[in-house]
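Taking the numbering used here, I'd label the letters of the sequence shown as residues 27 to 398.
Glycine is no exception: its CB is placed at the ideal position from the N, C-alpha and C atoms.
Scroll down for the structure; my scribbles are underneath it.
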Amino acid sequence: MRTQPGVNGDYMPADNSELMAPNSFCHKFGGCFLAGDTRSSEHTLLATMHILFVREHNRIARALRKLNPHWDGEKIYQETRKIIGAVLQKITYEDFLPIVLGKPLPSYQGYNSKVNPDVLNSFSTAAFRCGHSLIRPSFDRLDANYNPTGDPLPLRHLFFNNTYIKKRGIDELALGLLSNSSQGVDRELAVGVLNHLYERRHSPGLNLAAINTQRGRDHGLPDYNAFRRHCGLKSAKTFKDTFNEIALRRNRRLLAKLYNNKPELADLWVAGLAETPANGGIVGATFGCIMRKQMTRARDGDRYFYMNKGMFSQQQLKEIRKASLSRIMCDNLRSIVSIQKNAFISGRRSNRRTECGNIPGIDLTPWEGKHY
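Structure representation (structure tokens):
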């Protein structure tokens, strides 16, 4: 994939499209990167992750070219694309979702043509937006020893702002992400997304909580109580009846005051955030139910899911199962020396950092022409 030279590694190309507004956020603050989605530059840390995976794509492409010098550019691109897609699926389903949901998905039985993999409105408009509650108000910048290189960067100053990346690269930001813990899934959101979203000197910020609530109404989402019933939970007459799912009395009282003590009036996103984490995950029972249903459908209704028969040979699949976000960071950050085995959990006693050489990686030999 095309890139441009950057600090300690390549970046995505600059977006010089004439379709970009001349006074857009990006043009004022370091320029936008060109990707399949303009939101790749929505904030500095998101751009960091996009750059990381572009580097991983090109790293794999170079390795495949070395293994198969007879392959043309299109063949290399398509095989690399297939591998990256599989790696993303493996990381999502095996490393990320177990932390979010706690309770595992039903075991994979292969592609099912009768399963509709479309995205549920309740998932995209409410349940998966629980991630907005995880966002930190600021982000650390760390060196290879995980020591600060400067003051944390406030989220409110990072929207469509690639200035820091252009000047110092992504290493310090990525290492900060590895060390920082996210906020919890609850009714509290970082100040950077409350009235300061996309804020500029002469332009007031937006409120992400208000946007999410209004979007649910615009999309015609049923109420919180309807989704409780849909998920097999007891229908609640008042918020006192939700004590098993919304354990904090303060949350129940606030919702009762806001919605006249009628759960059938409550917005799904608002009430879902107030639920207590369930099943050993980080989301409550209702959001967990919706997310579990969505991710199972997206997996089982996808004929190209990486574990589906015929997608990869057994040897190739064995290698893909070694993939991890930790290994991707080790392979694509210049200054990194050590990392925890599970990048989604901050370094602690059960997930202590280890040298990058101890993190398994994909061996691409099974993709060599004579084996493939």
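What are the residues that DSSP puts in a beta bridge with Gln340? The residue given as residue 340 occupies position 314 in the sequence shown. Per DSSP, none; premise fails for Gln340.
Based on DSSP bridge pairs, tell me the residues matched to His69. Walking along the sequence shown from the start, residue 69 turns up at place 43. DSSP, once it has assigned bridges, lists Phe185 as partnering His69.
Does the separation of the CB atoms of Gly62 and Asn188 fall below 8 Å? Looking up residue 62 in the sequence shown gives position 36. Looking up residue 188 in the sequence shown gives position 162. Not closer than 8 Å, so no.
Report the CB separation of Leu72 from Asp41 in whole angstroms; it is logged as a contact under 8 Å. Position 46 of the sequence shown, counting from 1, holds the residue named residue 72. Position 15 of the sequence shown, counting from 1, holds the residue named residue 41. The pair is not a contact, with the Cβ atoms about 15 Å apart (cut-off 8 Å).
Short of 7 Å in beta carbon distance, which residues of its chain neighbour Ala324, apart from the five on each side in sequence? Order them along the chain. Locating residue 324 in the sequence shown gives position 298, counting from the first residue. Counting only Cβ-Cβ distances below 7 Å, and skipping sequence neighbours, we find Pro143.
Between which residues of its own chain and Trp97 is the CB-CB distance below 8 Å, once the five residues before and five after are set aside? Translated into positions along the sequence shown, residue 97 becomes position 71. Exclusion of the five residues before and after Trp97 leaves Leu90, Arg91, Glu105, Gly395 as the residues of its chain whose Cβ lies within less than 8 Å of its Cβ.
Pick from Asp249, Arg227, Gly246, Asn221: whose alpha carbon is nearest that of Ala236? The residue you call residue 236 lines up with position 210 of the sequence shown. Here the closest residue by C-alpha is Asn221.
Between Arg347, Pro130, Gly195, which has its C-alpha nearest Gly306's C-alpha? Walking along the sequence shown from the start, residue 306 turns up at place 280. The residue with the shortest Cα to Cα distance from Gly306 is Pro130.
By the three-class DSSP mapping on this structure, what secondary structure does Leu168 have? Working through the sequence shown from its first residue, we reach residue 168 at position 142. Three-state DSSP puts Leu168 in a strand.
Report buried or exposed for Gln366, applying the criterion of at least 16 other Cβ atoms within 10 angstroms of its Cβ. Within the sequence shown, the letter at position 340 stands for residue 366. Classification for Gln366: buried.
Please classify Thr264: is it buried, with 16 or more other beta-carbons within 10 angstroms of its beta-carbon, or exposed? Position 238 of the sequence shown, counted from the start, is the residue given in the question as residue 264. So Thr264 ends up on the exposed side.
From what residue to what residue does the beta strand (DSSP E) around Glu381 run? Locating residue 381 in the sequence shown gives position 355, where the first residue counts as 1. Glu381 -> beta strand (DSSP E) spans 379-381.
Nearest to Val296 by CA position, among Leu199, Ala152, Phe269, is which residue? For the purposes of this step, residue 296 is taken as residue 270 along the sequence shown, with counting starting at 1. When only C-alpha atoms are compared, the closest one is Ala152.
Buried or exposed (CB count within 10 angstroms, at least 16 for buried), Pro132: Counting from one through the sequence shown, the residue named residue 132 turns up at place 106. Using a 10 angstroms sphere on the CB of Pro132, the tally of other CB atoms stays under 16, which defines it as exposed.
Using a Cβ-Cβ cutoff of less than 6 Å, which residues in the same chain neighbour Leu201 once the five nearest sequence positions on both sides are dropped? Working through the sequence shown from its first residue, we reach residue 201 at position 175. Closer than 6 Å at the Cβ level, and outside the excluded window around Leu201, lie Leu168.
Which whole-angstrom value is the C-beta distance of Arg329 and Tyr103, which I expect to be below 8 Å? Within the sequence shown, the letter at position 303 stands for residue 329. Within the sequence shown, the letter at position 77 stands for residue 103. In fact, because the Cβ distance is near 21 Å, the residues do not count as touching under 8 Å.
Pairwise C-alpha distance: Leu299 and Leu280: The sequence position of residue 280 within the sequence shown is 254, counting from 1. The sequence position of residue 299 within the sequence shown is 273, counting from 1. Computed Cα separation, rounded: 12 Å.
Go ahead and pull the three-state DSSP assignment for Phe59. As a working mapping, residue 59 is identified with position 33 in the sequence shown. In this structure, Phe59 counts as strand in the three-state DSSP scheme.
Continuous alpha helix (DSSP H) stretch holding Ser150: start and end: Stepping through the sequence shown from its first residue, residue 150 is reached at position 124. Counting along the chain, the alpha helix (DSSP H) containing Ser150 begins and ends at 147-151.
Quick one: what's got a C-beta closer than 7 Å to Val80's C-beta in the same chain, skipping five residues either side? In the sequence shown, residue 80 corresponds to position 54, counting from 1. Answer for Val80: Met27, Thr29, Met38, listed in chain order.
Does Leu259 come out as helix, strand or coil in the three-state DSSP assignment? Within the sequence shown, the letter at position 233 stands for residue 259. Three-state result, Leu259: coil.
Taking Ile354 as the reference, which of Asp36, Arg85, His69 has the closest Cα? To locate residue 354, count along the sequence shown from 1; it is residue 328. Comparing Cα positions, the closest option is Arg85.
Candidates Cys315, Arg162, Pro163, Ser376: closest to Ser148 by CA position: Position 122 of the sequence shown, counted from the first residue, corresponds to residue 148. The option with the nearest alpha carbon to Ser148 is Cys315.
Apply the 10 Å Cβ neighbour rule to Gly157 and answer buried if 16 or more other Cβ atoms are within range, or exposed otherwise. As a position in the sequence shown, residue 157 is number 131, starting the count at 1. Gly157 should be labelled exposed.
Pick helix, strand or coil for Arg226, following the three-state DSSP scheme. Counted from its first residue, the sequence shown places residue 226 at position 200. In this structure, Arg226 counts as strand in the three-state DSSP scheme.
Rounded separation between Asn377 and Ile371 - CA only: Taking the first residue of the sequence shown as position 1, residue 377 is located at position 351. Taking the first residue of the sequence shown as position 1, residue 371 is located at position 345. Going by the C-alpha atoms only, they are around 7 Å apart.
The stretch 169-184 contacting the stretch 342-351, beta-carbon criterion three pairs below 8 Å: no
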